[in-house]
Amino acid sequence: MNRAALQRYGYSIHALRLEARKRLPRMLFDMVDGAAGDEVTVKRNVDDIAALQVVPKVLAGAATRSQATELFGHKLASPIIVAPTGLAGLLWPHAELSAARAAARFGTIYTTSHASTSTMEEIAAETKGPKWMQVFLYKDRGLTAEFVSRAQAAGYQGLVLTVDNQVMAVRDRDARNGLMFPMKLRARGFLDLASHPGWLLRMRRAPNPTFVNYGTRTSIGAFGPVMAEQLDPDIGWKDVEWVRSLWQGPMILKGLLDPQEAREAEARGVDAIIVSNHGGRQLDGAVSGIRALSAIVDAVGDKTVVLVDGGFRRGMDVVKALALGARAVLIGRPQLWGVACGGEEGVHWVLEIFAREIDRAMALGGWDGIGKLDRSIFAA
Ligand SMILES: Cc1cc2nc3c(=O)[nH]c(=O)nc-3n(C[C@H](O)[C@H](O)[C@H](O)COP(=O)(O)O)c2cc1C
């Protein structure tokens with residue numbers, strides 16, 4: 161979709177999701193849209209944000225508003241950050257390079273996933289925009305150390321250690337579609353791919369994406385189990401301390417929901433916490449990010465940056481998170497729907513939608529800066 165089409169048909173994040181559904185083979189749409197178990201938590205993420213009611217100050221006269229913010233010395237145009245999302249390159253050729261360019265152009269942080277389909281070095285070199293690198297703790301600690309030192313050498317400013325993915329969850333939609341490791345595509349799967357000629361044609365520009373950061377040319381289907389086998393379920397605070405000791409610069413722990421663990425992280429020199437249930441893709445039944453947020457904000461000191469993700473689809477959703485004490489919000493699926501629809505322009509459009517909606521919400525609520533957002537905006 162070009163810009164005109166994005167404006168015409170992708171008028172909101174929900175509209176873009178529906179456009180992505182038309183454009184992507186069903187198995188890839190489901191790979192993004194689906195979640196673990198009965199998909200209770202993924203739904204809860206959205207529902208819990210929606211359930212929060214705010215009381216606007218209609219005569220406060222917020223004629224001009226500012227949503228710009230600063231995080232670790234980076235000036236962000238808006239308090240939204242691109243979340244790490246693996247295998248985006250299945251949706252659009254070189255999707256990560258496109259998304260990184262969009263984030264830089266918009267003025268926010270791009271987070272590279274361990275499973276990006278361009279190397280972390282290629283993504284780092286693509287733009288001058290601020291970037292974070294996401295890593296895991298592997299049984300082979302040398303592999304984790306190697307990811308960290310490569311990220312440092314490539315110029316990433318922040319390191320995200322994701323800690324809620326040490327065991328791969330089972331996602332029913334992927335099982336149904338045969339998108340499992342090792343892959344079991346059935347005839348229906350091939351038909352699904354063949355019936356999306358636009359996607360097939362586009363993907364000829366970057367066929368056979370792989371887990372390039374692992375230095376492998378083996379297919380995703382074949383390498384997936386090798387990668388998954390490396391994830392170490394025996395993760396603990398000593399490992400967090402160890403990764404902290406390897407990295408110079410802000411270290412961000414992704415996937416905490418418990419205030420006590422947030423306090424522990426702070427004590428171990430973690431600079432930021434992403435309150436997250438991995439978009440409902442890991443432990444189904446876990447509390448929503450928005451619900452876990454305030455207790456974590458209260459548990460840590462002022463110096464620890466608290467971020468949140470999961471289910472943010474509207475500008476007003478972001479406003480609510482900021483009012484509960486988050487410094488910014490990460491968006492996962494929305495930017496994937498954007499990239500699936502229009503590559504770089506699609507991701508930029510997604511960021512624009514959020515910024516525009518945040519601005520309108522602030523105008524209607526009578527909040528002229530994000531400093532005005534605190535818990536007093538919520539209905540008693
Ligand atoms: C397709 C997909 C792939 C993801 N891959 C990763 C990943 O590689 N590393 C990671 O830390 N989180 C990953 N996530 C989780 C996101 O970073 C984020 O926590 C989540 O998507 C936020 O919820 P939202 O999609 O409702 O915005 C992924 C999410 C999706 C949808």
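Using my numbering, you'd call the opening residue of the sequence shown number 161 and step up by one each time.
Cβ coordinates follow ideal geometry from the N, Cα and C atoms, glycine included.
Where VAL218 falls, given that 16 or more other Cβ within 10 Å makes a residue buried: exposed
Same chain only: Cβ atoms within 8 Å of GLN213, ignoring 5 sequence neighbours per side: PHE538, ALA539
ILE513 vs GLN227 beta-carbon contact at 7 Å: no
LEU321 in three-state terms, based on DSSP: strand
Environment of ASP198 [buried if 16+ CB atoms lie within 10 Å]: exposed
Local conformation of GLY415 per DSSP, three classes: strand
Residue burial classification, VAL323 (beta-carbon count within 10 angstroms, cutoff 16): buried
Assumed close pair LEU251, LEU496 - CB separation to whole angstroms, cut-off 8 Å: 6 Å
Whole-Å CB distance - ALA248 paired with VAL499, under 8 Å assumed: 6 Å
Within the region 188-244, ranges of the beta strand (DSSP E) (whole runs, at least 3 residues): 229-231, 234-236, 240-242
Beta-carbon gap between VAL202 and GLY409 smaller than 7 Å: no
DSSP bridge partner residues for ALA432 (one or two, in chain order): ILE412, VAL465
ASP469 Cβ short of 6 Å to ligand 1 heavy atom set: yes
Enclosing beta strand (DSSP E) for TYR270 [first to last residue]: 270-272
Residues that DSSP places opposite TRP292 in a beta bridge: THR271, GLY318
Nearest-angstrom Cβ-Cβ length linking ALA314 and GLY289, presumed shorter than 8 Å: That belief does not hold up - the Cβ atoms of ALA314 and GLY289 are roughly 13 Å apart, past 8 Å.
Contact test: HIS174 Cβ vs ligand 1 heavy atom, cutoff 6 Å: no
Integer Cβ distance of GLY492 from THR245, believed to fall under 8 Å: 5 Å
C-alpha gap between PRO239 and VAL430, whole angstroms: 20 Å
CA-to-CA distance, MET191 to VAL327, given in whole angstroms: 17 Å
Touch test, the region 398-407 against the region 295-305, Cβ-Cβ under 8 Å, three pairs minimum: yes
Same chain only: Cβ atoms within 7 Å of MET476, ignoring 5 sequence neighbours per side: GLU517, ALA521
PRO244 CB to nearest heavy atom of ligand 1 below 6 Å: yes
Distance cut-off 6 Å: SER276 Cβ against heavy atoms of ligand 1: no
For LEU443 and ASP334, the rounded distance between their alpha carbons: 16 Å
Cβ neighbour criterion (16 or more within 10 Å) applied to THR268: buried
Closer than 7 Å to chain B by CB, GLU517: You won't find chain B in this structure, because it holds only one protein chain.
Endpoints, beta strand (DSSP E) assigned at LEU361: First-last for LEU361: 357-363, but that is the alpha helix (DSSP H), not the beta strand (DSSP E).
HIS356 CB to nearest heavy atom of ligand 1 below 6 Å: no
Contact set for MET161: own chain, Cβ-Cβ below 6 Å, skip 5 residues either direction: CYS501, GLY502
ILE395 versus ALA222, LEU321, GLY470, ARG348, residue with shortest Cα-Cα distance: LEU321
Distance cut-off 6 Å: GLN294 Cβ against heavy atoms of ligand 1: yes
4 or more residues per run - each alpha helix (DSSP H) lying fully within the region 445-530: 449-459, 475-483, 493-525
Burial state of ARG535, where buried means 16 or more other Cβ atoms lie within 10 Å: exposed
Beta-carbon spacing of VAL206, GLY529 below 7 Å: no
Residue interval of the alpha helix (DSSP H) (run including MET161): Counting along the chain, MET161 falls outside any alpha helix (DSSP H), and DSSP gives it neither H nor E.
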